[in-house]
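As numbered in my numbering, residues 693 to 808 make up the sequence shown, in order.
Glycine included, C-beta positions come from ideal geometry on N, C-alpha and C.
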Amino acid sequence: MLLTMTYEFGQIVLVPFPFTNQNALKKRPATVISCQDYNAARPDLILIAVTSQVKTPLLFGEIMIAAWQTAGLLKASVIKPVITTIQKELVIQKLGRLALPDCQSLENLLSILLKL
């Protein structure tokens, strides 16, 4: 249980991530997209899904993680536009952190997806 740990935008964590139909969970990496202030004040994290199932061409809303090894991932991976909120106590492990260019790509993606 990593409840007392601090989390930042762009960190990769291993969590039980819900399927979009909410019928099951799968242990998978996800990227923290909530800001430090949110993470410090609340018992949960806002996450976006990461998958190693890379299909080309990428679908709308997907971005390749260029520095996937730096991020602590075992395989080339993609960020998928599936967002969820997970209690910090469910975090199994911190895997790594997105490199700055990948963080910038994620910020751009969120801006497009959420029309910010």
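- Three or more Cβ pairs closer than 8 Å define a contact, and the stretch 705-721 falls short of that threshold against the stretch 791-799.
- Within the stretch 781-805, the complete alpha helix (DSSP H) segments at least 4 residues long are 792-805, listed from N- to C-terminus.
- Apart from sequence neighbours up to five positions away, the residues of its chain that approach residue 728 with a beta-carbon distance below 6 Å are 700, ordered along the chain.
- In chain order, 741, 743 and 754 place their CB closer than 6 Å to the CB of residue 772, counting only its own chain and leaving out the 5 sequence neighbours on each side.
- In this structure residue 725 touches residue 739 by the C-beta definition: roughly 7 Å separates them, less than 8 Å.
- Considering only 765, 712 and 715, the residue with the shortest C-alpha distance to residue 787 is 765.
- According to the DSSP assignment, residue 732 belongs to the alpha helix (DSSP H) that extends over 728-733.
- Burial of residue 780 is indicated by the presence of at least 16 other C-beta atoms within 10 angstroms of its C-beta.
- The three-state reading of DSSP puts residue 725 in coil, since its state is none of H, G, I, E or B.
- The three-state reading of DSSP puts residue 779 in strand, counting E and B together.
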